[in-house]
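Student: Residue numbers (our numbering), protein chains in the order written: chain A, 21 to 177; chain B, 6 to 450.
Dumping the structure here so I can ask a few things about it.
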């Protein structure tokens, strides 16, 4: 392995999303690591015969992208959807004192189904679910203030 | 005494208001769009409420969202800052209807100065000099020709419904008037849906000199002298200073009295600014009144040692104005630092500030909400800070400003710091020899 071949290898790796490559030849071993993104595939033991035109498998990119903020839950590893507040006001779990709660943990909820009321300036607004699923958690206490985009419920679709 | 003030604004002015509230022992509520959640004033406020998506219409201009935030936090007053809802009479009224004190004027005061033709009529009645012109809208080319003869060329045609240069035409002689009238009308119609045009004498090479005033709830008005804001680019102020290099004691006395008369004519409450055009003979003419705190209020604060935001809050709490006139004791210059590239036609340059080092030392004030690591959102105006120098003379204030600008390091975005550095070395600027036309012929080196 001469310096020119190593340079070619480095150039090649820079062009791909390979994180690390190790080549053994004649008892000599070289490992080249990408500085930026410690990535998904480690390719080892490329036979020396292929040095002139090494083959490689491009690493999958999808696994490393962060989940889209809207739909993913902030804490768990499950695929939970967060229902967020579309307005500012006071959050209520029922239509009035003594009235039944709109939903409880464990309930099935459908698209368009009212899940709570948010009151602002004496106007009561029914908030409807935009997703279908099961209520996993209620994140806000009854009669407490909420702001725009504040997480209200966790739903398992 | 207010217990809690909601700051219905963002950026540097929100921080400015927050600082005075803290000093007065008043709790603060910051409201912010999702784009501003890392904003400095949000971090410093006692409480913060997210009020909507980044677009101003969904957040800072959304009266319902702001009122809802005031309700859930039990704020007893709202400070609107400048821009956004600061001069929105509807918002002033909504606050009053909900028992929340709007820290600013009443809806009637805002409306009386909001419409330019009404404002002018009010000023004429009050004996405040206005730009000579013809009353009412122009009805035809013939009417325009007769009016121009009466006023005397050069004249300017202006749109009644808006500004920013739209629907404006300067006419130097009669042969040009027909074309000017027709194109101004068409442009006004397209820009404001109202093609009403009126005519004024064109004040040649004017200086823009404004007088700061304050009025309480009992009819007392005082003035705090002038600021010279002639350094403007496309009608946007870039540099302001006090005292004006063009001012004389006599002119200041006359303009101060005129400004007080103007404010008294509408029984004005809160702080405000009367803007005048001053021609080369030192004749001054009322241009408009800003019924809010202004960006450049800091300049007056430094030369008169006065906290204008504190004064605004005190007036809103029912305290009385003390004194009639305040005069500059020092010289101060303010440079607006914008996230714009002065080498590329001042193109906006939003993005992340990677390195920030702000100047300091004697005679330097910085009002800025940015910090290293802060990402400037692309949704709002590009001002990232105000750099103010204070000294005993104008020459020293310029030297201090030059020195401070040379220490100011902002990396990651482009800023107008190089523009201000070159301006401070410009001979005409240094000699005080400039009008509102100055920047038209200024070129970056």
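The beta carbon of each residue, even a glycine, is placed where N, CA and C say it ideally should be.
Bear in mind the structure is a predicted one, so any value in this text is a computation, not a measurement.
1) For residue 118 of chain B versus residue 296 of chain B, is the C-beta spacing smaller than 8 Å?
2) Which chain A residues are close to residue 57 of chain B, counting only those with a beta carbon under 7 Å from its beta carbon?
3) In this structure, how does DSSP classify residue 130 of chain A when only helix, strand and coil are distinguished?
4) Could you spell out where the beta strand (DSSP E) holding residue 414 of chain B opens and where it closes?
5) Below 9 Å on C-beta distance, what does residue 115 of chain A contact in chain B?
6) Keeping to the same chain, check which residues put their C-beta closer than 7 Å to that of residue 306 of chain B; ignore five residues upstream and five downstream.
7) Taking the alpha-carbon positions, what's the residue 171 of chain A to residue 385 of chain B distance?
8) Between the segment 335 to 364 of chain B and chain A, which residues of the former have CB atoms less than 8 Å from a CB of the latter, in chain order?
9) By DSSP, does residue 63 of chain A sit in helix, in strand, or in coil?
10) Apply the 10 Å Cβ neighbour rule to residue 328 of chain B and answer buried if 16 or more other Cβ atoms are within range, or exposed otherwise.
11) From the beta carbon of residue 39 of chain B, is the nearest beta carbon of chain D less than 8 Å away?
12) Using a Cβ cut-off of 7 Å, pull out every chain B residue sitting near residue 165 of chain A, in sequence order please.
13) Cβ of residue 112 of chain B within 8 Å of Cβ of residue 98 of chain B?
14) Apart from the five residues just before and just after residue 67 of chain A, which ones in its own chain have a Cβ nearer than 8 Å to its Cβ?
15) Who are residue 390 of chain B's beta bridge partners in DSSP?
16) DSSP three-state label for residue 91 of chain A, please.
17) Can you tell me whether DSSP reads residue 233 of chain B as helix, strand or coil?
18) Spell out a yes or no on whether the segment 278 to 292 of chain B and the segment 138 to 147 of chain B are touching, meaning 3 or more CB-CB pairs, one atom from each, closer than 8 Å.
19) On a Cα-Cα basis, can you pick out the residue from B/156, B/320, B/350, B/367 that is closest to residue 82 of chain B?
20) Evaluate the contact criterion for the segment 101 to 112 of chain A versus the segment 156 to 176 of chain A: three or more CB pairs, one atom per stretch, below 8 Å.
21) Where does the unbroken alpha helix (DSSP H) through residue 21 of chain B begin, and where does it stop?
22) Straight-line CA distance for residue 237 of chain B to residue 414 of chain B?
23) Please report the Cβ distance between residue 176 of chain B and residue 191 of chain B, rounded to the nearest whole angstrom; I am assuming they are in contact, meaning their Cβ atoms lie under 8 Å.
24) Whose C-beta lies closer than 6 Å to the C-beta of residue 293 of chain B among residues of the same chain, with five residues either side of it excluded?
25) To which residues of the same chain is residue 410 of chain B closer than 8 Å at the C-beta, ignoring the five residues directly before and after it?
26) Reducing DSSP to helix, strand and coil, say where residue 261 of chain B ends up.
27) Residue 38 of chain B by DSSP, collapsed to three states: which one?
Tutor: The relevant details are as follows:
1) In this structure, residue 118 of chain B places its C-beta atom within 8 Å of the C-beta atom of residue 296 of chain B.
2) Simply 168.
3) Residue 130 of chain A falls in the coil class under three-state DSSP.
4) Counting along the chain, the unbroken beta strand (DSSP E) around residue 414 of chain B starts and ends at 414 to 416.
5) The premise fails here: residue 115 of chain A is roughly 19 Å from chain B at the closest Cβ pair, so nothing lies under 9 Å.
6) Once the five neighbours on either side are set aside, the close Cβ partners of residue 306 of chain B are 312, 313.
7) Spanning the two alpha carbons is a distance of roughly 26 Å.
8) Contact residues of the segment 335 to 364 of chain B toward chain A are absent (C-beta to C-beta distance below 8 Å).
9) Only weak support is given to the placement of residue 63 of chain A: the predicted model assigns it a pLDDT of 46, under 50, and the value that follows is read from those uncertain coordinates. The answer is strand: DSSP assigns residue 63 of chain A an E or B state.
10) So residue 328 of chain B ends up on the exposed side.
11) Chain labels in this structure do not include chain D; the protein chains are A and B.
12) The contacting residues are 77.
13) Yes; because the gap between Cβ atoms is below 8 Å, this pair is in contact.
14) For residue 67 of chain A, the predicted model reports a pLDDT of 47, less than 50, meaning its position is unreliable; a value from the coordinates is still stated below. Within the same chain, residue 67 of chain A has no close Cβ partners at all.
15) Beta-bridge annotation (DSSP): residue 390 of chain B is paired with B/342, B/373.
16) Low local confidence applies: a pLDDT of 43 at residue 91 of chain A is under 50, so the model's placement there is unreliable, and no value is given.
17) Note: residue 233 of chain B maps to strand in three-state DSSP.
18) Taking one beta carbon from each stretch, the segment 278 to 292 of chain B and the segment 138 to 147 of chain B have fewer than 3 pairs nearer than 8 Å; the two do not touch.
19) Nearest C-alpha to residue 82 of chain B among B/156, B/320, B/350, B/367: B/320.
20) Contact between the segment 101 to 112 of chain A and the segment 156 to 176 of chain A is present: three or more C-beta pairs spanning the two stretches fall below 8 Å.
21) It spans 16 to 28 - the alpha helix (DSSP H) in which residue 21 of chain B sits, taken as one unbroken run.
22) So the two alpha carbons sit approximately 24 Å from each other.
23) Their Cβ separation, rounded to whole angstroms, is 16 Å, which puts residue 176 of chain B and residue 191 of chain B out of contact at 8 Å.
24) Correct list, in chain order: 280.
25) Excluding residues within five positions, the ones whose Cβ falls inside 8 Å are 340, 364, 392, 422, 425, 426, 429.
26) When DSSP states are grouped into helix, strand and coil, residue 261 of chain B belongs to the helix group.
27) Strand, per DSSP.
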